[in-house]
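So the protein sequences, as listed, match chains R and A.
The first sequence runs 165 to 617 under our numbering.
The second sequence runs 6 to 337 under our numbering.
All C-beta atoms, glycine included, are put in the ideal place defined by N, C-alpha and C.
For reference, the structure discussed in these notes is given below.
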Amino acid sequence: MAIEILMPALSPTMEEGTLAKWLVAEGDKVSSGDILAEIETDKATMEFEAVDEGVIGKLLIAEGTANVAVNSAIAILLDEGESLSDAAPSAAPASGAAPQAASEPAPSASAPVAVKIVEQDLPAGTTFKSLTVREAIREAMSEEMRADETVYLMGEEVAEYQGAYKISQGMLDEFGPKRVIDTPITEHGFAGIAVGAAFGGLKPVVEFMTFNFAMQAMDHIINSAAKTLYMSGGQMGAPMVFRGPNGAAARVGAQHSQDYAAWYAHIPGLKVVMPYSADDAKGLLKSAIRDPNPVIFLENEILYGQSFQVPDLPDYTVPLGKARIWREGNDITLVSFGIGMKYALEAADQLADMGVSAEVIDLRCLRPMDTETVVNSVKKTNRCVTIEEGFPVCSIGSHISSVLMQEAFDYLDAPVITCTGKDVPMPYAANLEKLALVTTAEVMTAAKSVLYR
Amino acid sequence: MAAKKPSKANVSKDDLLHYYREMLLIRRFEEKAGQLYGMGLIGGFCHLYIGQEAVVVGLEAAAEEGDKRVTSYRDHGHMLACGMEANGVMAELTGRSGGYSKGKGGSMHMFSKEKHFYGGHGIVGAQVPIGAGLAFADKYLGNGRVTFAYFGDGAANQGQVYETFNMAALWDLPVIFVIENNQYAMGTSQQRSTSSAEIFERGRAFGIPGEAVDGMDVLAVKAAGETAVAHCRSGKGPYILEIKTYRYRGHSMSDPAKYRTREEVQKIREEKDAIEHVRDLLLTGKHCSEEDLKAIDKEIKAVVNESAEFAKQSPEPALDELWTDIYAQAEA
Numbered sequence: 165m166a167i168e169i170l171m172p173a174l175s176p177t178m179e180e181g182t183l184a185k186w187l188v189a190e191g192d193k194v195s196s197g198d199i200l201a202e203i204e205t206d207k208a209t210m211e212f213e214a215v216d217e218g219v220i221g222k223l224l225i226a227e228g229t230a231n232v233a234v235n236s237a238i239a240i241l242l243d244e245g246e247s248l249s250d251a252a253p254s255a256a257p258a259s260g261a262a263p264q265a266a267s268e269p270a271p272s273a274s275a276p277v278a279v280k281i282v283e284q285d286l287p288a289g290t291t292f293k294s295l296t297v298r299e300a301i302r303e304a305m306s307e308e309m310r311a312d313e314t315v316y317l318m319g320e321e322v323a324e325y326q327g328a329y330k331i332s333q334g335m336l337d338e339f340g341p342k343r344v345i346d347t348p349i350t351e352h353g354f355a356g357i358a359v360g361a362a363f364g365g366l367k368p369v370v371e372f373m374t375f376n377f378a379m380q381a382m383d384h385i386i387n388s389a390a391k392t393l394y395m396s397g398g399q400m401g402a403p404m405v406f407r408g409p410n411g412a413a414a415r416v417g418a419q420h421s422q423d424y425a426a427w428y429a430h431i432p433g434l435k436v437v438m439p440y441s442a443d444d445a446k447g448l449l450k451s452a453i454r455d456p457n458p459v460i461f462l463e464n465e466i467l468y469g470q471s472f473q474v475p476d477l478p479d480y481t482v483p484l485g486k487a488r489i490w491r492e493g494n495d496i497t498l499v500s501f502g503i504g505m506k507y508a509l510e511a512a513d514q515l516a517d518m519g520v521s522a523e524v525i526d527l528r529c530l531r532p533m534d535t536e537t538v539v540n541s542v543k544k545t546n547r548c549v550t551i552e553e554g555f556p557v558c559s560i561g562s563h564i565s566s567v568l569m570q571e572a573f574d575y576l577d578a579p580v581i582t583c584t585g586k587d588v589p590m591p592y593a594a595n596l597e598k599l600a601l602v603t604t605a606e607v608m609t610a611a612k613s614v615l616y617r
Numbered sequence: 006m007a008a009k010k011p012s013k014a015n016v017s018k019d020d021l022l023h024y025y026r027e028m029l030l031i032r033r034f035e036e037k038a039g040q041l042y043g044m045g046l047i048g049g050f051c052h053l054y055i056g057q058e059a060v061v062v063g064l065e066a067a068a069e070e071g072d073k074r075v076t077s078y079r080d081h082g083h084m085l086a087c088g089m090e091a092n093g094v095m096a097e098l099t100g101r102s103g104g105y106s107k108g109k110g111g112s113m114h115m116f117s118k119e120k121h122f123y124g125g126h127g128i129v130g131a132q133v134p135i136g137a138g139l140a141f142a143d144k145y146l147g148n149g150r151v152t153f154a155y156f157g158d159g160a161a162n163q164g165q166v167y168e169t170f171n172m173a174a175l176w177d178l179p180v181i182f183v184i185e186n187n188q189y190a191m192g193t194s195q196q197r198s199t200s201s202a203e204i205f206e207r208g209r210a211f212g213i214p215g216e217a218v219d220g221m222d223v224l225a226v227k228a229a230g231e232t233a234v235a236h237c238r239s240g241k242g243p244y245i246l247e248i249k250t251y252r253y254r255g256h257s258m259s260d261p262a263k264y265r266t267r268e269e270v271q272k273i274r275e276e277k278d279a280i281e282h283v284r285d286l287l288l289t290g291k292h293c294s295e296e297d298l299k300a301i302d303k304e305i306k307a308v309v310n311e312s313a314e315f316a317k318q319s320p321e322p323a324l325d326e327l328w329t330d331i332y333a334q335a336e337a
């Protein structure tokens with residue numbers, strides 16, 4: 165029986181990859197465990213091994229092909245003595261991938277409204293380049309390390325391994341082991357060492373492999389880093405950045421899938437940044453590294469591979485504490501940050517098709533939080549929905565809602581609705597995980613509710 | 006107590022007098038702080054250093070200008086020994102604007118950038134990785150400084166201490182881990198809390214050399230400190246000093262210390278007191294007379310009384326101080 169060899173998923177968030185190199189040719193006999201190909205994911209180049217024995221009948225995908233979807237057939241493996249013509253033809257790529265949600269906008273009775281995309285305020289003649297969020301973060305760190313000898317990077321697998329998520333790829337080569345430092349898997353200890361190094365005159369960038377592991381370092385982040393400036397009467401503080409992926413990736417379960425935005429946003433003495441786009445990630449991280457305070461920089465694994473237009477400027481920075489209006493609108497304000505922006509922007513598109521003009525605000529920074537921009541927007545639109553991935557109790561949305569009650573009560577035509585992750589530990593099962601996360605459909609339901617439609 | 010190293014008498018009169026003054030200042034200062042606490046002028050937690058004076062005075066004698074120190078919440082002695090002003094420390098205890106942290110830190114949270122004193126940390130054990138981090142910065146900057154990271158026998162059972170031992174050894178950080186073993190982690194004796202009798206030996210698992218030191222003998226502490234400093238400064242990495250000492254007072258002002266007998270405390274005071282030891286050396290060595298020492302006592306008393314007066318007179322912080330020092334402003 166001929167077997168289709170399928171493109172493997174090699175990380176929790178991988179949806180496609182590059183078939184970098186075939187290590188077998190048609191007609192080769194292979195045994196279980198033989199290396200068939202090298203496959204490049206957005207995180208690493210991995211060797212792909214045979215599971216079954218047989219003879220390579222046909223290579224369906226040429227080496228060097230990019231964007232090969234997970235679960236599509238890449239080769240046909242024949243039993244010994246079997247010929248390709250014996251094998252049942254299989255023209256279509258193998259099924260097995262989860263069905264994609266329909267991305268068509270819902271038909272609407274109202275006439276669609278024009279979308280007003282807000283341009284960033286940049287010098288005339290600025291050109292752009294396409295960068296992934298991953299590349300943008302790397303550029304920000306590298307540029308700051310070139311400019312300031314006291315900036316260094318430490319964390320698990322940041323050096324020799326080239327970064328667990330490839331953020332620091334190539335940085336060891338450029339900056340050497342003195343400034344790109346692999347730590348043991350001891351977050352409590354190395355976070356404390358980094359705080360001490362900051363007291364001692366350096367500007368550490370601490371990478372947590374994920375913010376879930378930063379729980380072990382929480383005492384140093386809060387008690388040692390955030391409070392010392394105050395406790396010392398302004399004599400010394402911790403100019404440093406704690407960064408890494410935060411929130412749910414895909415199918416990694418409850419202990420690896422928490423959004424800590426609200427936790428850190430609670431703490432005076434910390435600054436908290438949670439970017440959505442690559443240009444903001446770059447500009448905000450550069451500002452965070454230069455900031456004389458401890459900054460929590462919350463990234464998202466799913467966004468790492470997404471590309472955005474980034475200003476091609478020698479020193480592009482974005483100030484901390486300023487929200488970004490992505491789209492102007494008059495009928496409803498959608499407030500989000502981080503990956504929540506994906507749902508906010510998708511909902512805004514669908515609302516536009518319904519004839520509703522939504523203003524979309526990316527908070528970008530959760531502390532200090534630019535609530536003024538939100539309040540001003542709601543004074544215009546009179547309606548607000550917040551979107552985030554974190555838990556609902558004491559969420560960022562709860563805070564926004566409270567601010568709006570106090571500062572824009574008379575302008576509200578409907579209650580503020582907070583769309584959040586569900587109040588459950590993240591389940592592993594694919595269907596339950598989907599249910600636990602906030603969705604564009606939920607944002608639409610909330611938006612329609614406050615619009616009374 | 007550890008095996009006592011004989012105190013060599015080949016120490017100068019000036020040095021002995023200096024140690025005597027320093028230790029006496031700490032003791033009188035702490036007694037005064039205890040008094041002010043009783044009067045309600047000092048609030049919250051207040052952990053006195055009485056009995057342990059030889060530890061910081063001996064190690065400061067081994068330090069050079071620019072070396073750093075960081076410790077726990079039992080920090081008044083460390084501050085006085087590294088040259089911080091009694092007035093500023095006492096005024097911080099009373100929560101006044103003349104305190105080192107403008108009244109915003111209190112007994113457990115004081116700092117002095119000028120004197121390279123990095124706290125004053127209220128969370129048990131947190132100062133250990135912070136101390137290694139200070140040493141990390143010094144090594145990175147190549148400035149030849151060493152850091153003294155002080156912690157107690159209680160903190161010595163914390164995970165972060167061993168995470169730090171591992172990294173300090175791995176990266177050859179110039180840090181001296183000073184275990185001030187006063188035998189009680191709050192109310193729990195070492196026998197009841199700690200699986201090993203000699204805590205410094207735990208460093209062996211990480212390849213960190215160390216030794217036990219008689220912490221009631223300032224000369225032994227100084228000698229051990231010099232060994233440790235020389236080791237660190239020569240680039241050989243961290244060193245552990247387990248200094249066996251004793252705290253005469255309770256863990257904090259609110260501790261009735263029912264976990265040990267009055268006789269146990271009394272015996273150590275009578276037989277081992279660090280200040281009496283130096284006093285004996287001064288008198289038996291005929292370096293000075295009873296009258297000379299009385300004059301010093303008087304001097305110290307005046308300094309302490311002045312600090313108490315300053316701490317009472319210094320105004321409380323202005324109300325707008327509530328909102329300052331939360332964030333540092335970027336330099337223009």
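Query                                                                                                                                                                                  : Result
In the DSSP assignment, what residue or residues form a beta bridge with isoleucine 525/R?                                                                                             : Ile489/R and Val499/R
Let me know if lysine 342/R comes out buried or exposed under the rule of 16 or more other beta-carbons within 10 Å of its beta-carbon.                                                : exposed
Would threonine 169/A pass as an interface residue toward chain R - the criterion being a Cβ-Cβ separation below 8 Å?                                                                  : yes
Write down the C-beta distance between isoleucine 248/A and valine 60/A rounded to the nearest angstrom, noting that I regard them as a contact closer than 8 Å.                       : 5 Å
What first and last residue would you give for the beta strand (DSSP E) that runs through proline 368/R?                                                                               : 367-371
Indicate the three-state DSSP secondary structure (helix, strand or coil) for arginine 617/R in the structure shown.                                                                   : coil
Going straight from the alpha carbon of glutamate 179/R to that of leucine 223/R, what length do you get?                                                                              : 21 Å
Does DSSP put threonine 645/R in a helix, in a strand, or in coil?                                                                                                                     : Missing from the structure shown is residue 645/R; chain R here goes from 165 to 617 and no further.
Taking CB distances under 8 Å as the criterion, tell me whether lysine 107/A reaches chain R.                                                                                          : yes
According to the neighbour-count rule (16 or more other Cβ atoms, all chains shown, within 10 Å of its Cβ), is alanine 270/R buried or exposed?                                        : Any reading at alanine 270/R must be qualified, since the residue scores a pLDDT of 41, below 50, and its modelled position is unreliable; the value itself is stated next. That one is exposed.
Could you tell me the distance, in whole angstroms, from the CA atom of alanine 511/R to the CA atom of proline 287/R?                                                                 : 31 Å
Which residues does DSSP pair with asparagine 186/A in a beta bridge?                                                                                                                  : Lys249/A
Where do the ends of the alpha helix (DSSP H) carrying arginine 407/R lie?                                                                                                             : Here arginine 407/R belongs to no alpha helix (DSSP H); instead the beta strand (DSSP E) covers 404-409.
Write down the C-beta distance between alanine 66/A and tyrosine 24/A rounded to the nearest angstrom, noting that I regard them as a contact closer than 8 Å.                         : 7 Å
Inspect the beta-carbon positions of phenylalanine 141/A and alanine 362/R and report whether they are closer than 8 Å.                                                                : no
Note down the Cα distance separating lysine 293/R from phenylalanine 372/R, rounded to an integer number of angstroms.                                                                 : 28 Å
From the DSSP output, read off the bridge partner residues of cysteine 583/R.                                                                                                          : Ile551/R
8 Å is my cut-off, CB to CB: does tyrosine 592/R come that close to chain A?                                                                                                           : no
Any beta-carbon of chain R closer than 8 Å to the one on lysine 263/A?                                                                                                                 : no
Contact between the segment 591-598 of chain R and the segment 516-527 of chain R is defined here as three or more beta-carbon pairs at a separation below 8 Å; is this criterion met? : no
Quick check on the DSSP output: the alpha helix (DSSP H) that includes valine 588/R runs from which residue to which?                                                                  : No alpha helix (DSSP H) holds valine 588/R; DSSP gives it neither H nor E.
Would DSSP call lysine 330/R helix, strand or coil?                                                                                                                                    : coil
Go ahead and pull the three-state DSSP assignment for glycine 124/A.                                                                                                                   : strand
For glycine 110/A, decide whether its Cβ has a neighbour in chain R, counting only Cβ atoms nearer than 8 Å.                                                                           : yes
State yes or no: is the C-beta of glutamate 351/R within less than 8 Å of the C-beta of alanine 381/R?                                                                                 : yes
Under 8 Å, Cβ to Cβ, is there at least one residue of chain A near leucine 366/R?                                                                                                      : yes
Quick check on the DSSP output: what are the complete beta strand (DSSP E) runs of length 3 or more inside the segment 10-90 of chain A, in order along the chain?                     : 73-76
Helix or strand or just coil, what does DSSP make of cysteine 558/R?                                                                                                                   : coil
Does DSSP classify phenylalanine 116/A as helix, strand or coil?                                                                                                                       : coil
So is serine 332/R in contact with chain A if we call contact Cβ pairs under 8 Å?                                                                                                      : no
Which residues of chain A have a Cβ atom closer than 8 Å to the Cβ of aspartate 479/R, listed in chain order?                                                                          : None at all; the shortest Cβ gap to chain A is about 15 Å.
Would you report the Cα separation of serine 102/A and glutamine 422/R, rounded to the nearest angstrom?                                                                               : 42 Å
Taking C-alpha atoms, which residue in Met171/R, Lys612/R and Gly433/R lies nearest to alanine 522/R?                                                                                  : Lys612/R
Which residues bound the alpha helix (DSSP H) around aspartate 219/A?                                                                                                                  : Segment 215-219 is the beta strand (DSSP E) holding aspartate 219/A; no alpha helix (DSSP H) there.
So, is leucine 183/R buried or exposed, given that buried needs 16 or more other C-beta atoms within 10 angstroms?                                                                     : buried
Who does phenylalanine 153/A pair with in a DSSP beta bridge?                                                                                                                          : Arg74/A and Ile181/A
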